[in-house]
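Mapping of the sequence shown onto the UniProt record's numbering: residues 1 to 563, in sequence order.
Even glycine gets a Cβ: it sits at the ideal position worked out from N, Cα and C.
One structure below.
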Amino acid sequence: MKNFLSMLLLLGGFAYGQSDIPTDYFANPLDINLVLAGNFGEMRANHFHSGIDIKTEQREGLPIYAPADGYVSRINVQPYGYGKALYILHPNGYTTVYGHLRSFAGDIEKYVKDTQYAKETFEVELFPEKILLPVKKGDLIAYSGNTGGSGGPHLHFEIRDSSQRPMNPLLFGIEIPDSKTPIVSAIFAYPVGEDAHVNQGQNRTKLRLIKQKDGNYKTEDIKAFGKIGFGITTYDQQDGASNKNGTYRIETRFNGTEKFEVLFNKFSFSETRYLNRYTDYNYYETNKSMVQKLFRETNNPLSIITKEEDNGYVNVQDSLQSIYAIEVNDFKGNRMYISVPIEGAKLDILEPKKVEKTEDFIYADHATSITKGKFSIYIPANSLYEDTYLDIKDEGDILKFHEDLIPIHSNISITADISSYDEADRDKLYIGRLNYRGLPYYTSTTRSGDKLTAKTRTFGSYTVAADTNPPTIKSVNFSEGKWISNQNFLKVKITDDLSGISSYRATINGKFILMEYDYKKDVLSYNFNDNVNLETENNLKVIVIDNVGNSATFEAKFFRKQP
1 MKNFLSMLLL
11 LGGFAYGQSD
21 IPTDYFANPL
31 DINLVLAGNF
41 GEMRANHFHS
51 GIDIKTEQRE
61 GLPIYAPADG
71 YVSRINVQPY
81 GYGKALYILH
91 PNGYTTVYGH
101 LRSFAGDIEK
111 YVKDTQYAKE
121 TFEVELFPEK
131 ILLPVKKGDL
141 IAYSGNTGGS
151 GGPHLHFEIR
161 DSSQRPMNPL
171 LFGIEIPDSK
181 TPIVSAIFAY
191 PVGEDAHVNQ
201 GQNRTKLRLI
211 KQKDGNYKTE
221 DIKAFGKIGF
231 GITTYDQQDG
241 ASNKNGTYRI
251 ETRFNGTEKF
261 EVLFNKFSFS
271 ETRYLNRYTD
281 YNYYETNKSM
291 VQKLFRETNN
301 PLSIITKEED
311 NGYVNVQDSL
321 QSIYAIEVND
331 FKGNRMYISV
341 PIEGAKLDIL
351 EPKKVEKTED
361 FIYADHATSI
371 TKGKFSIYIP
381 ANSLYEDTYL
391 DIKDEGDILK
401 FHEDLIPIHS
411 NISITADISS
421 YDEADRDKLY
431 IGRLNYRGLP
441 YYTSTTRSGD
451 KLTAKTRTFG
461 SYTVAADTNP
471 PTIKSVNFSE
481 GKWISNQNFL
491 KVKITDDLSG
501 ISSYRATING
511 KFILMEYDYK
521 KDVLSYNFND
531 NVNLETENNL
541 KVIVIDNVGN
551 SATFEAKFFR
561 KQP
């Protein structure tokens, strides 16, 4: 009976909010069997994944087709993020998005290239008029690739509603075979309040999982009292892939009463960074494993939390036996069930909550200014999710700004006084966050007089660093004075070991050429099919500028047969 009731609840949850979604409107964008490398809503660093990542058979260049009629409403080309991305607005108000493309197709590619050459820049963001680039269902629109922040060839595919909120593409009838049950690897308990405890401790407690004969789990019995929240580490896998993707729905119950539901149907980009409040940020930074907290803390407005009683917390009373239950579901209805037996017992607390007090206590809803040596810190109101102690020290040129164990929601400013540096050197200074080897990683920095200011959303150690070295530029597939008639591309490698690359410009025989920047390989590439000012003897010139203004110039002569 319990399983039957659970299935009814499961199906009811799946139907939530789906009645008006067209399930036969969009066709598959790729003409291959769809296998996912990532699914909708899964948790990434600082954000929820806003689409599905479709594997492209470890290849680039697969044709991508318009899944429905519409027109190209936006095109974005950049080295990072989605790389080359295409947006199609459809008559029903939905927008489909295609990211990490190798190239666009037909008139779309020509429009982009013409604009890039007209503006003499690789990076463009375009909003074509409605009549300029119409598409019909089944039209070839692009080719799959690995551009931007992609970790391997795939197509990032999104469907957004009329308010540009990403929705789960599987709601629209896109079929992904999935016969696998979600996997649960850890359950945690979080005592809340002065007298709450789990097994006589007040800190996060990992519970031992015990697999049952039916494949589900129960945890070890726990003795607890007071207000308790629970967390889970879980993932799902679809058929044909071993990727650890996100789950679709999690529901909790306490003694049969529904307490909490999270459902990955839709969210807005304005709320996605609240992932850092929904997950256990400290545990992730320490163990590189995501824990979803199955309760809503203050300053967590996430709309993926669709049902809750008492914000998902349970109240364990002395001398009472209770059962806390979790159901984890994937989109296809495969389910994992976990039960947590609880014995209510108000006991002496042997392990009190760990609170490391410092001289700097921050109220989350107040703006705070702090000065440490040559550094000034400004923390706007609501940059942090809760009141907390911060450990802040200055050691000459280094600001030890707590540890990266607490999430920062909105930018905090760090300002450094550089009046002690020679005036001639100040333009080459920047604020950098020290990595694990103690080397500064450039943080976007501005200068006003004798002050440097950087904005950050990551705790850690920061320093005033100097970069007086220009970038380096080296040829990749050609040599000075050589013939390269058989090459399709002209490639150079650009690197900067300190502040990083800011901009670049390339010409052949004095005319601008479009060199695409692949930051993952540090390579600029020019496609000879662009047919820019091709001559038998050609003079290449590449200028690269780093983030503090150091520049380097590379010049080379090459020869190429004319068609």
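Checklist entry - What does M336 pair with, by DSSP beta-bridge criteria? => result V328
Checklist entry - Taking DSSP as the reference, what is the three-state secondary structure of G201? => result strand
Item to check | Runs of beta strand (DSSP E) wholly within the region 423-502 (minimum 3 residues, chain order) | outcome: 429-434, 440-442, 445-448, 451-456, 460-466, 472-475, 489-495
Checklist entry - Is the beta carbon of V548 sitting closer than 7 Å to the one on Y430? => result yes
Checklist entry - Where L11 and M336 are concerned, what is the direct C-alpha to C-alpha distance, given to the nearest angstrom? => result Here L11 scores only 37 on pLDDT, less than 50, and its place in the model should not be relied on; the value that follows carries that caveat. Each residue's Cα considered, the two are about 15 Å apart.
Checklist entry - Since K113 is in the alpha helix (DSSP H), which residue starts that stretch and which ends it? => result 106-119
Checklist entry - Considering N282, what are the terminal residues of the alpha helix (DSSP H) in which it resides? => result 281-287
Checklist entry - Run through DSSP, which three-state label would P169 get? => result helix
Item to check | CB contact flag (L275, M43, <7 Å) | outcome: yes
Checklist entry - Going by the CB atoms, is the gap between Y462 and L399 shorter than 7 Å? => result yes
Item to check | Straight-line Cα distance separating R426 from K206 | outcome: 50 Å
Checklist entry - Beta carbon of Y248: closer than 6 Å to some heavy atom of the ligand GTP? => result Of the ligands one can find in the structure shown there are none, so the ligand GTP has no counterpart to examine.
Checklist entry - In chain order, which beta strand (DSSP E) runs of at least 3 residues are fully inside the region 505-553? => result Counting only runs of 3+ residues, the beta strand (DSSP E) found wholly inside the region 505-553 occupies 515-518, 523-527, 537-546, in chain order.
Checklist entry - Within this structure, are the beta carbons of G38 and E158 separated by less than 7 Å? => result no
Checklist entry - From P380 to S410, what distance separates their C-alpha atoms? => result 8 Å
Item to check | N265, enclosing beta strand (DSSP E) - first and last residue | outcome: Element bounds for N265: n/a, residue is neither H nor E.
Next on the checklist: Measuring straight from C-alpha to C-alpha, what distance separates E386 and K393?
Outcome noted: 21 Å
Checklist entry - Could you give the C-beta distance for I88 and H154, rounded to a whole number, given that I count them as a contact under 8 Å? => result The pair is not a contact, with the Cβ atoms about 19 Å apart (cut-off 8 Å).
Item to check | 3-residue-minimum beta strand (DSSP E) runs that sit fully inside the region 362-415, ordered along the chain | outcome: 368-372, 375-379, 388-390, 392-395, 398-401
Item to check | Nearest neighbour of L320, chosen from Y65, P79, I222 [CA to CA] | outcome: Checked all of Y65, P79, I222; the closest Cα to L320 is I222.
Checklist entry - Since K218 sits in a beta bridge, which residues does DSSP pair it with? => result I210, S339
Item to check | Chain-order list of residues whose beta-carbon lies under 7 Å from that of S150 (same chain, five-residue window excluded) | outcome: So the list reads G83, H100, once near-sequence residues are dropped.
Checklist entry - Cβ of N76 within 7 Å of Cβ of E125? => result yes
Checklist entry - Counting Cβ pairs, one atom from each stretch, are 3 or more of them under 8 Å apart for the region 192-210 and the region 54-70? => result No: the two stretches stay apart, fewer than three of their Cβ pairs being nearer than 8 Å.
Next on the checklist: Let me make sure I understand the geometry here. Which of S339, T257, D348 has the alpha-carbon closest to that of D318?
Outcome noted: For the residues S339, T257, D348, the minimum Cα distance to D318 belongs to D348.
Checklist entry - Can you name, in chain order, every residue of its own chain whose Cβ lies under 8 Å from the Cβ of Y389, other than the five neighbours on each side? => result V355, E356, K357, T358, D360, F361, I362
Checklist entry - If you check the beta carbons only, do G145 and E60 fall under 7 Å apart? => result yes
Checklist entry - In or out: D178 buried (at least 16 other Cβ within 10 Å) or exposed? => result buried
Item to check | Spatially closest choice to D195 from Y217, F225, S525, by CA coordinates | outcome: Between D195 and the set Y217, F225, S525, the nearest pair of CA atoms involves F225.
Item to check | Helix, strand or coil at R44 according to DSSP, with G and I counted as helix | outcome: Three-state DSSP puts R44 in a strand.
Checklist entry - Taking just the CA atoms, how far does D546 sit from S502? => result 5 Å
Item to check | Cα-Cα separation between D365 and L34, rounded to whole angstroms | outcome: The alpha-carbon atoms of D365 and L34 are separated by roughly 46 Å.
Item to check | Sheet register partners of I174 (DSSP bridge) | outcome: According to DSSP, which records beta bridges pairwise, I174 is partnered with nothing at all.
Item to check | Of the listed residues T247, V523, D530, Y517, nearest to F48 (C-alpha basis) | outcome: In terms of Cα proximity to F48, the closest of T247, V523, D530, Y517 is T247.
Checklist entry - Roughly how many whole angstroms lie between the Cα atoms of K218 and I323? => result 10 Å
Checklist entry - E309 by DSSP, collapsed to three states: which one? => result coil
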